[in-house]
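Numbering (the working numbering), first residue to last: 3 to 661.
Each residue gets a CB set at the ideal place from its N, CA and C atoms; glycine is no exception.
For reference, the structure discussed in these notes is given below.
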């Protein structure tokens with residue numbers, strides 16, 4: 003039924019992504035890590051050209067010193083605090099190695115190492131801050147105030163925190179629902195994509211449930227509050243994202259997993275190389291020089307650089323192809339995934355409804371073009387997503403739309419108008435026919451069985467035809483599903499809040515057998531946790547607020563960038579900026595190639611380190627030759643890692659994903 007409440011003027015909002023919250027972004031330079039890293043980089047870039055052009059050491063030496071101080075004091079301090087707790091980490095070792103390099107004249111090399119570590123720490127701090135921003139910003143989806151109805155029929159504007167279970171609130175057209183509750187009176191279409199991910203607004207009438215933060219359509223609703231603001235679905239999503247982010251297993255690069263043993267071993271070995279010969283009567287200078295040479299050739303600089311260039315090159319290559327991978331850790335983890343869970347709306351599909359079927363009924367006297375013309379002309383004044391789909395379909399076919407008169411819209415029912423002197427009604431078959439009309443019912447059921455939304459068109463009160471509307475599968479969806487199956491050995495699962503019938507039909511088109519439909523955000527989170535609990539390393543691909551808890555909990559989360567909500571974009575580990583779904587398996591394959599190059603580089607670095615160490619211990623390795631060998635191995639592994647910058651690396655990864 004139509005609403006009997008007095009509708010208020012709807013304020014037209016500028017287009018925004020579905021479910022997008024106002025941004026609360028931490029400025030980059032508001033982070034101390036970013037400020038120190040920036041200062042270190044600036045001093046380094048000022049000193050480097052002076053040194054390379056042969057300027058006096060007094061011009062570039064102090065600049066390098068400032069780079070050491072600004073970029074190295076924080077990791078050095080953290081390393082000393084860790085040392086106080088009887089642990090030794092690579093950060094402190096890197097600072098010591100940088101200082102050791104400076105002590106033997108390799109000032110630029112040490113400064114570069116400091117800059118790399120400072121920048122890495124700043125990026126990690128920025129990613130953490132931005133995720134926290136997006137979680138806090140999610141609360142802005144729910145309005146700050148609501149209109150509470152008093153027992154005497156009056157209205158009060160109150161903060162949503164003051165709403166209690168049992169209160170009745172008025173939700174006017176275009177407003178966001180202030181609390182989870184149930185409709186008492188009125189009818190409207192409510193966009194609840196932020197909660198369920200459904201591509202189309204859901205019709206609401208008395209008895210239906212509504213959620214805080216969802217957007218009301220053109221009707222007015224009276225809603226009885228059933229949950230406190232702190233227990234609403236949107237508030238629970240915030241808590242789930244925070245908890246999932248906190249409990250997600252800490253991630254480390256491969257080299258960081260052995261940092262404690264390597265660091266302790268190197269320090270102990272350096273002391274032994276210094277003290278043992280000294281105890282047997284070697285001169286102090288000779289023992290110190292041998293120990294310093296040992297520390298340089300055995301330092302993990304080459305090992306760290308053996309790890310980073312392939313991963314950073316893979317990140318840069320992916321970035322050129324529209325994939326933002328947020329860190330080297332993420333690039334490494336992408337290659338480890340062995341299970342995939344995909345969202346439906348906006349991920350496998352384009353996220354916007356389109357007319358797929360035009361079915362004139364026998365005896366209507368209309369063909370497809372005439373039926374679509376009348377429906378689109380009647381729908382053109384409406385702002386409903388289904389109406390826009392009908393109008394877009396008519397325009398794509400080049401149809402001229404006549405003007406409509408006496409336009410009216412009934413929320414949850416449809417629209418009526420007079421087109422070329424004929425009365426046209428467009429809406430839900432069940433609402434327009436009240437359950438009568440066997441032919442119409444049969445066609446509508448056929449459309450709905452195939453995953454379409456059926457829309458009936460009446461002309462002068464008689465059924466004239468039906469339109470089938472659906473969210474269209476992305477052109478590369480089926481190929482992407484096949485590629486992910488090839489890479490992981492397991493077909494992806496589909497996790498969606500949409501209805502089971504539509505989900506099953508679309509999954510069949512994409513080649514997915516494991517379909518889990520009708521899921522709320524906590525259900526998606528539970529499904530991912532179950533897969534992780536079974537020992538799988540799960541890659542989740544989604545785009546909405548309702549996907550954020552699953553993205554946060556997964557081994558690796560990937561968000562679709564073009565239509566993705568702010569929370570999904572910030573929570574995810576990687577973002578497909580251009581919305582090219584096929585980039586997902588290609589990036590996974592590229593990550594695996596990077597991991598193979600890391601192994602190659604570690605072998606190369608290990609051989610060099612072992613050879614130089616043996617030479618230093620068993621013979622008499624000159625310090626300049628030790629430095630040259632150490633730097634040579636660093637250059638070699640760096641160049642090997644840079645191979646992934648080439649366009650051919652992306653092409654081979656794409657072929658690996660499809661093959």
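Burial state of residue 287 is exposed, judged by a 10 Å Cβ sphere holding fewer than 16 other Cβ atoms. Take residue 570, set aside five residues on each side of it, and the residues of its chain with a beta-carbon closer than 7 Å to its own are 544, 545, 546, 547, 549, 550, 553, 561, in chain order.
DSSP, reduced to helix, strand and coil, places residue 321 within a helical segment of the structure shown.
For residue 178, the beta-bridge partners assigned by DSSP are 217. The three-state secondary structure of residue 145, taken from DSSP, is coil. Going by beta carbons, residue 413 and residue 468 fall outside the 9 Å limit. Counting C-beta pairs closer than 8 Å gives three or more between the segment 593-613 and the segment 335-349, which meets the contact rule. Assignment of alpha helix (DSSP H) within the segment 33-108, counting only whole runs of 4 or more residues, yields 34-54, 59-86, 92-105 in chain order.
Taking residue 366 as the centre and dropping the five residues before and after it, the same chain places the C-beta of 373, 461, 464, 465, 466, 467 closer than 8 Å to its C-beta, in chain order.
Here residue 194 is buried. Its C-beta has 16 or more other C-beta atoms within 10 Å. In the three-state reduction of the DSSP assignment, residue 339 falls in the coil class, being assigned neither a helical nor a strand state.
A residue is called buried once 16 or more other Cβ atoms fall within 10 Å of its Cβ, and residue 282, having fewer, is exposed. Under the three-state reduction of DSSP, residue 424 is assigned to strand.
Within the segment 376-427, the complete alpha helix (DSSP H) segments at least 4 residues long are 387-398, listed from N- to C-terminus.
The Cβ atoms of residue 179 and residue 225 sit closer than 9 Å to each other. Annotated three-state conformation of residue 328 is coil, per DSSP.
Around the C-beta of residue 558, 16 or more other C-beta atoms lie within 10 Å, and the residue is accordingly described as buried. Each residue's CA atom was taken as its position, placing residue 75 and residue 85 some 15 Å apart. Exclusion of the five residues before and after residue 163 leaves 231 as the residues of its chain whose Cβ lies within less than 7 Å of its Cβ. Residue 650 sits exposed, since fewer than 16 C-beta atoms from the chains shown fall within 10 Å of its C-beta.
Going by beta carbons, residue 204 and residue 192 fall inside the 9 Å limit.
In the structure shown, residue 354 falls within a strand segment according to DSSP collapsed to helix, strand and coil.
Counting along the chain, residue 458 sits inside no alpha helix (DSSP H); it lies in the beta strand (DSSP E) bounded by residues 455-461. Contact annotation: the segment 479-498 does not touch the segment 396-410, with fewer than three C-beta pairs closer than 8 Å. In its chain, beyond the 5 residues on either side, 227, 230 have a beta carbon closer than 8 Å to the beta carbon of residue 166. In the three-state reduction of the DSSP assignment, residue 579 falls in the coil class. Shown here, residue 155 sits in coil according to DSSP, grouped into three states, outside any helix or strand. For the set 220, 39, 276, 382, the Cα lying nearest the Cα of residue 189 is the one of 220. Ranked by Cα distance from residue 34, the first of 62, 325, 120 is 120. Spatial neighbours of residue 389 in its own chain (CB-CB distance under 6 Å, excluding positions within 5 residues in sequence) are listed in chain order as 381. According to the DSSP assignment, residue 346 belongs to no alpha helix (DSSP H), since it is labelled neither H nor E. Of the residues 47, 73, 72, the one whose Cα lies closest to the Cα of residue 61 is 47. In the three-state reduction of the DSSP assignment, residue 284 falls in the coil class. If you check the CB distance, residue 506 and residue 453 come in under 9 Å. According to DSSP, residue pairing for residue 464 in a beta bridge involves 461.
Considering only 527, 147, 152, the residue with the shortest C-alpha distance to residue 215 is 147.
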